[in-house]
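Protein chains in written order, with my numbering: chain A, 75 to 395; chain B, 75 to 395.
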């Protein structure tokens, strides 16, 4: 089975459970706004990581589905609030929540998703000790995600950002939730502390690779596959790791911060960033994080689930959107 | 000791614990924004209810202080997000968070406060089973608070609101968090299910009285005591229970929805709403909820803590701001 099939197989029970665990209640508008982006798809990568981690430590994945839903809802909550903060009108090919239900609606939908996420974890089928730990991991992670988003906004107002600062930002904003997903899967599978930590590191490091590689995909993937405009980060003048490296090496594509770009200008950007070694630098760094993440799984006995986790780690790089 | 002293005594350990449990970390701006309204005071009524409920069931209040902080942070989170949604520039006499750190800052500060609230509960000093229950109560309550705020916003766009709808809205937006505070105190004090439920009902019912009585205070308390403009609900055209009753009885003060009012017009509003029986109606309803709430404490043996809870219930009405 391909890794995409493995991810998809795990998304089926998660999608079914979302309908049970986040039904439309009163007031219906609040629940429709809350379900809008959840139901719009998404790869369900984080739930897949949670469920595979759970299987890999010998857990009963049926009992971990609720926690997988919780992690997906928590992820969606951050998307809904981020879209308000970043004034992004589109998410997963649909109008962002705040463009339909207003800012207040977006804020409340996000708050509801987050609350439901923790509620669902605390009502899962496991021992109180494990559920308490799982809930604690989820909310501690959310504090870090807030820190990461704060840094991201802060960087937009600064003239320069150091590589280390950027890495701290994406670690908090993106990577730790992959870590949390893997660790929660392990905790609910009754893994010991050391194994839980290894799974957390696996998720965090591969999540870093995932986010770093996003810079490459953004520039090199055609819009119709990417689902958003090719090169949008460059055009918007974002200081991604790719551009931090480029600017440090005196390379500046014409399209950078231009607000718009022709296909020729996007190609020029690819050429400039290839020549400066920036694309290679970012690709290699992403690969090295993913490889370091994969090595953390040496603690686990061989199993199909372990193979799935390793394949998901590779997929972080081989995906094209 | 007066009830104000009893509340104040319980606020001291809570305020000390806030500094330990919500320190300024990196990025400092996020934590300063998160602490802004928490540190601006507030009566700490909900923490006092939690701690007194804990004492009343024979708990060790030292172990319940963290949970009391959690409930206060959760309350503050709702204030910070509400101020963005309602575009309110002032809170507790200070500029609202979003007026200083922007909307994004306000959203993130709220999300952080909420996350820290649950984190603090899950890391408290009690058995996992009790902490899990306490965390579950807190986040389920937050879902209801979101529902209540959604209804509140919805009502602003409607021509008429029924009394039952208004009561459902304030029950969710305000009363349930008092219920949660009392129940969490009971749960952490190892009270049985029935006692926990009685404490929840005590908090919920007195919380209803508290919020209903707010309409009276808003109109009849001079601005310098109230901390905001006297009669602001009337002037802003809010459909509070007071106005729902008045409009149902054909009474409409000149100041209603006028945007501004002279002291004479405020006095006219008081006269009109006295004559229509609306002020009496609201006062009596508030009293009846508080009395019903107090009766729920019959389940508890007599103690100083029980007396404090009963006094706090009365204070919900005798307070003047």
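All C-beta atoms in this analysis are idealised placements derived from N, C-alpha and C, irrespective of residue type, glycine included.
Residue i versus residue j: straight-line alpha-carbon distance, rounded
i: residue 362/A; j: residue 283/A; result: 8 Å
i: residue 48/B; j: residue 82/B; result: Nothing in the structure corresponds to residue 48/B, since chain B is present only between 75 and 395.
i: residue 84/B; j: residue 123/B; result: 9 Å
i: residue 318/A; j: residue 235/A; result: 7 Å
i: residue 271/B; j: residue 281/B; result: 15 Å
i: residue 204/B; j: residue 205/A; result: 12 Å
i: residue 389/B; j: residue 106/A; result: 39 Å
i: residue 373/A; j: residue 132/B; result: 46 Å
i: residue 275/A; j: residue 216/B; result: 31 Å
i: residue 349/A; j: residue 365/A; result: 25 Å
i: residue 446/A; j: residue 354/A; result: Outside the shown range of chain A, which is 75 to 395, sits residue 446/A, and nothing can be said about it.
i: residue 393/B; j: residue 315/B; result: 19 Å
i: residue 288/A; j: residue 229/A; result: 18 Å
i: residue 219/B; j: residue 178/A; result: 14 Å
i: residue 322/B; j: residue 380/B; result: 39 Å
i: residue 58/A; j: residue 249/A; result: Outside the displayed span of chain A (75 to 395) sits residue 58/A, for which this structure offers no information.
i: residue 277/A; j: residue 141/B; result: 31 Å
i: residue 193/B; j: residue 214/B; result: 15 Å
i: residue 367/B; j: residue 279/B; result: 5 Å
i: residue 233/B; j: residue 337/B; result: 27 Å
i: residue 302/A; j: residue 93/A; result: 28 Å
i: residue 75/A; j: residue 134/B; result: 56 Å
i: residue 304/B; j: residue 312/B; result: 14 Å
i: residue 116/B; j: residue 196/B; result: 24 Å
i: residue 189/A; j: residue 202/B; result: 20 Å
i: residue 351/B; j: residue 391/B; result: 18 Å
i: residue 227/A; j: residue 185/B; result: 15 Å
Cβ distance (whole Å) where residue i is taken to contact residue j below 8 Å
i: residue 259/A; j: residue 127/A; result: 3 Å
i: residue 293/B; j: residue 343/B; result: 6 Å
i: residue 159/A; j: residue 181/B; result: 6 Å
i: residue 262/A; j: residue 138/A; result: 5 Å
i: residue 326/B; j: residue 320/B; result: 7 Å
i: residue 286/A; j: residue 359/A; result: 6 Å
i: residue 151/A; j: residue 191/A; result: 7 Å
i: residue 385/B; j: residue 77/B; result: 4 Å
i: residue 101/A; j: residue 221/B; result: 6 Å
i: residue 168/A; j: residue 209/A; result: The pair is not a contact, with the Cβ atoms about 30 Å apart (cut-off 8 Å).
i: residue 95/A; j: residue 112/A; result: 10 Å between Cβ atoms; not a contact.
Opposing strand residues paired with residue i [DSSP bridges]
i: residue 164/B; result: 169/B
Neighbourhood of residue i by C-beta, 8 Å cutoff - its chain only, sequence neighbours within 5 removed
i: residue 225/A; result: 239, 242, 243, 246, 247
i: residue 310/B; result: 331, 333
i: residue 98/A; result: 105, 106, 109
i: residue 269/B; result: 131, 260, 373, 374
i: residue 398/B; result: Nothing about residue 398/B can be reported from this structure: the residues present for chain B run from 75 to 395 only.
i: residue 162/B; result: 156, 170
i: residue 307/A; result: 289, 292, 293, 314, 316, 317
Same chain, Cβ closer than 7 Å to residue i, five either side skipped, listed in chain order
i: residue 328/B; result: 339, 342
i: residue 237/B; result: 315, 318
i: residue 164/B; result: 170
i: residue 377/A; result: 130
i: residue 173/B; result: 163
i: residue 200/A; result: 137, 262
Other residues of its chain near residue i: CB distance less than 6 Å, five sequence neighbours each side excluded
i: residue 183/A; result: 107, 108, 154, 171
i: residue 91/B; result: 139, 143
i: residue 187/A; result: 108, 147, 150, 151
i: residue 265/A; result: 131
i: residue 346/B; result: 325, 327
i: residue 175/B; result: 107
i: residue 80/B; result: 382
i: residue 370/B; result: 272, 275, 276
i: residue 223/A; result: 247
Heavy atom of the ligand MG within 7 Å of residue i beta-carbon
i: residue 233/A; result: Among the components modelled here there is no ligand, and therefore nothing to report on the ligand MG.
Cβ of residue i within 8 Å of any chain D Cβ
i: residue 181/B; result: Chain labels in this structure do not include chain D; the protein chains are A and B.
Please name the residues in the region 151-167 of chain A whose beta-carbon is closer than 7 Å to at least one beta-carbon of chain B, in chain order. Those residues of the region 151-167 of chain A that come within reach of chain B (Cβ to Cβ, closer than 7 Å) are 155, 158, 159.
Closer than 7 Å between beta carbons: that is the criterion. Which residues of the region 191-214 of chain B meet it against chain A? Under the 7 Å Cβ criterion, the region 191-214 of chain B contributes 192, 193, 196, 197, 202, 203, 205, 206, 209, 210, 213, 214.
If contact means a Cβ-Cβ distance below 8 Å, which residues of the region 256-283 of chain A contact chain B? Residues of the region 256-283 of chain A with a C-beta atom less than 8 Å from some C-beta of chain B do not occur.
Along the region 218-234 of chain A, where does the CB come closer than 7 Å to a CB of chain B? Name the residues. Cβ contacts with chain B come from 220, 221, 223, 224, 225, 227, 228.
Near-chain B residues of the region 101-129 of chain A (beta-carbon distance less than 7 Å), N- to C-terminal order: If the cut-off is 7 Å between Cβ atoms, the region 101-129 of chain A has 101, 103, 104 near chain B.
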